[in-house]
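Take a look at the structure set out below.
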């Protein structure tokens, strides 16, 4: 049976105006409630809708599921096609462009119009597209949809405007690149092969023009048939029938020989003088067995035959290994003379391509590198050195080295943090790379004027953390941290970690980072937290370990009398230190049941740690009554207070990381005390407990009404989820505690519920430490912990922290109850504090000082705290501050300390908010929200007036939900695929400046001149320049192609963001500007033509006048 969790979202006793708001998603402004607004809170809001526009900025990482590869040898840019219809175009670092076919069909093949600034893509929906690369955002100029035949291979000769297209039926069609119209010239398969041949030759797998004569087209069919077709006389010069299937063909530059790769692992070399049999047959990896037969080998999927002036030719191929060598990794083989080099790859080879000095196929090729596109990597091999080293890849292609499980985005970081992280990370870089420059060096890119320090942090399944420099819409690896080094290595198949998470016990769930204090905290999937401090020096350290047992779930506490015996909030001294644990009603567990033990074993010896982030404290939740601890759902850390707070579905814990003690460890129910707003029902007899880590991402089962579409809760949904947007139905988590995981996230959204079943778990969903007013009567702000729960409850816990440095290290921090309870609809997601002028109040922090720096006896080290207290603005606007609280369904603004609700806005009724952040945009602040239905919206503060609401993503999957995050400056990011990070902006200013920030793909370069072939070669070798394709393929000679064969589709204007702004003034302006540019361009062309005609007329007039003067005195018989 499905078990729905009941949510009380209609209580108005403690939240005035709780039911006031808009009925639809973001359709109404924030509603002022009945509570009086003080005169002194008169905030002038500056943000308006015109400040916002949503558009994609740049995509980082390796193209997911790549399918095709192309290279422009003159422009030196590389294109990679993918299965989802994406095309990535790469040049020098900073030149990185992502294009997407609207159809989403897989890219089968890519062909550059060399040095023309254009690219042809052939897709799996049998459509050809012509992309214009002469603009920073490439756009489709033309498309051609084949209706009756499937495209299998394309070939575009250098400096030709006619594209050869081979099909599954074996026919070859010809397309005019300029008009994208099909020629009437067709090479039918039955004309290409002999009439006596009874079998179909199969699909076209190869097309190429002869280097010796462009009028000869070599056609390779899958079955093994090869035909050289004379385009002028429309008949075959020769036909080859080979008994092994063909995968690829490659010419020798002189046009007298070509090489084929076959399905049996063989390479055949054919000489045009004798095509009855191959000139040479080799099995590069096939050895002769004892019985005299060759080993059976895997197919050679591609071969390239490249010549060199000063050495033997290069023969480069993929595949061809013998079948008996099981477990061998995919290989690329380079045969250079008698030397054979086998390069083993980490992933299967999708495609490879030799990079050559010349774009002409009839010149010595001189290959200098090989680009190898793997399933999950891109490598470039240097062919100029005998050991074939690889080039160091300047692009961030290793984001997915271990699957990404969480992300964090920080804009406007302190300027010194990036150089420090880079200098430490550079010490651990790999060596052995080629010393030559990265060969893909096309395009131009300059650092824009609108740049500031940005850092992206990614957490991974293997427990590693990566810091990336994301400034100026680029991405560069800074520093890598391995959290697994804190723990002893678990033995395979043994240990407590294997019971909960079999594959990745160190996987990162959450990160918390303060760039100013450089305190870093990570939360792992094994219910562990690691606190790191930054140091520029290496050190010998012993990691302190704290073990915390969050109270058992409330079902164990049956009667109020037992509840009274639990430690109360007002007695902090009674809480257990880290080496003790509060007694549990079921502590007398039988032997063999795991109890009071952590998942992982922390290294208990002194370890040498390198410079960078060094672990100081590890906190682990313990097993309880044979059950693993619930995953941690919320975390906050404050360096000024020296406190770390975290919670899960069982309760809340607060740790003093300076004194290394547990200050508070209580169940969520006990946090309320007498202020519990719910009527808790008695519970039915104990059933099997269910894992409630589902509160990590709340409500995701309500994506759609279709109950079959469920979303898996564990981080593995990020690592294993395919990029198919339709595959929302996922398998269960591997955790043994999630027997009913298909019911994960299910909760009733009914507002008529007035009581809560004991079976409902109330998770701690968000925490915020900061200066606030814990009670209504407080005159001065004090350190407080704001607690938000999955039932929409906000609790305030004031704290007393000694201010003197020596007292802080010795005296305990006291925590007392306030009884303050505020209510919202849905799980609480985010807290933020504004002063009475509407400015964001930053959390207090401790200025960073190196813990391992040498001591200076004259200047003893003291903690330097920076405090942003709300009381600092009392002179201008009186006491108090504003508290912004956002939940899954609504946002509220409270005035503190009166706790009166000033504004409330119902964000959505039909969906729920996944991510909410208070961010700075255009010198002001706003609330940015991302909903499960794909909407991105912003609300003004404090009035909660809707500013933008864009249906950005039509379908949100778990990966996007878990990794979407906003940051300052109007930017956001999410993991668009398991290997790629997509950055977007919702700022109009950044959209306007985006063109300046992007790189140029096309740079004007003169096409290299063809080599002088000499008289004898030109005379005896055939003249390649006498072939006029226009005469053969043009409409005058070949006629029109059948209209039903292919349909021409004109391209759309490629302006990013046009759809988003289609109905707004910005869209109209953009269209007007484009129309004006086009009109100006046409007027300019007309003016040029007029000037040319005038010049021509003047010349004609001058010649006519001269002729008249010469002839006027002549008699008629003198002519």
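Numbering (my numbering), first residue to last: 64 to 1182.
Beta carbons are placed, not taken as given, at the ideal position from N, Cα and C, and that holds for glycine.
query, result
"Counterpart residues of residue 442 in DSSP-defined beta bridges", "435"
"For residue 1095, the nearest candidate out of 225, 124, 493 (CA to CA)", "225"
"Contacting residues, own chain, Cβ-Cβ under 6 angstroms from residue 1122 (five flanking each side not counted)", "With a pLDDT of 39 at residue 1122, under the threshold of 50, the predicted position of this residue should be treated as unreliable, though the coordinate-derived value follows. Here the set comprises nothing."
"Same chain, Cβ closer than 7 angstroms to residue 696, neighbours up to 5 away in sequence not counted", "710, 711, 712, 758, 759, 826, 827, 828"
"Contact under 8 angstroms by Cβ, residue 659 with residue 685", "yes"
"CB contact flag (residue 595, residue 533, <8 angstroms)", "no"
"Environment of residue 1055 [buried if 16+ CB atoms lie within 10 Å]", "exposed"
"Buried or exposed by the 16-neighbour rule on C-beta atoms within 10 Å, applied to residue 1162", "exposed"
"Inter-residue CB distance, residue 833 and residue 891 (contact presumed, cutoff 8 angstroms)", "That belief does not hold up - the Cβ atoms of residue 833 and residue 891 are roughly 15 angstroms apart, past 8 angstroms."
"Cβ contact check for the segment 834 to 850 and the segment 860 to 873: 3 or more pairs under 8 angstroms", "yes"
"Coarse secondary structure for residue 365, derived from DSSP in three states", "strand"
"At least three beta-carbon pairs within less than 8 angstroms, the segment 254 to 263 to the segment 290 to 306", "yes"
"Nearest neighbour of residue 402, chosen from 347, 385, 186 [CA to CA]", "347"
"Bridge partners - residue 1037, DSSP secondary structure assignment", "1045"
"Boundaries (first-last residue) of the beta strand (DSSP E) holding residue 520", "517 to 523"
"Local conformation of residue 272 per DSSP, three classes", "strand"
"Own chain residues within Cβ distance below 8 angstroms of residue 325, not counting five before or after", "287, 305, 307, 308, 309, 310, 331, 362, 363"
"Of the residues 475, 691, 975, the one placed nearest residue 577, counting alpha carbons only", "475"
"Rounded separation between residue 598 and residue 553 - CA only", "28 angstroms"
"Distance, residue 210 Cα to residue 181 Cα", "24 angstroms"
"Contact check, residue 542 vs residue 675, beta carbons under 8 angstroms", "yes"
"Secondary structure of residue 667, DSSP reduced to three states", "coil"
"Nearest-angstrom beta carbon gap, residue 394 and residue 408 [assumed within contact, 8 angstroms]", "7 angstroms"
"Helix, strand or coil at residue 419 [DSSP, three-state]", "strand"
"Residue 138 (DSSP reduced to helix, strand or coil)", "coil"
"3-residue-minimum beta strand (DSSP E) runs that sit fully inside the segment 285 to 357, ordered along the chain", "288 to 293, 298 to 304, 309 to 314, 320 to 325, 330 to 334, 343 to 345"
"Element boundaries [alpha helix (DSSP H), containing residue 868]", "868 to 873"
"Range of the contiguous beta strand (DSSP E) that encloses residue 676", "675 to 684"
"C-alpha distance - residue 1073 paired with residue 422, whole-angstrom precision", "9 angstroms"
"Helix, strand or coil at residue 129 according to DSSP, with G and I counted as helix", "strand"
"Identified DSSP bridge partners for residue 851", "829, 857"
"CB-CB length for residue 893 against residue 981, believed under 8 angstroms", "7 angstroms"
"8 angstroms Cβ cutoff met for residue 453 and residue 497", "yes"
"When 134, 107, 153 are compared against residue 123, the one with the closest alpha-carbon", "153"
"Delimiting residues of the alpha helix (DSSP H) encompassing residue 733", "731 to 735"
"Opening and closing residue of the beta strand (DSSP E) in which residue 1055 lies", "Counting along the chain, residue 1055 falls outside any beta strand (DSSP E), though it belongs to the alpha helix (DSSP H) covering 1051 to 1060."
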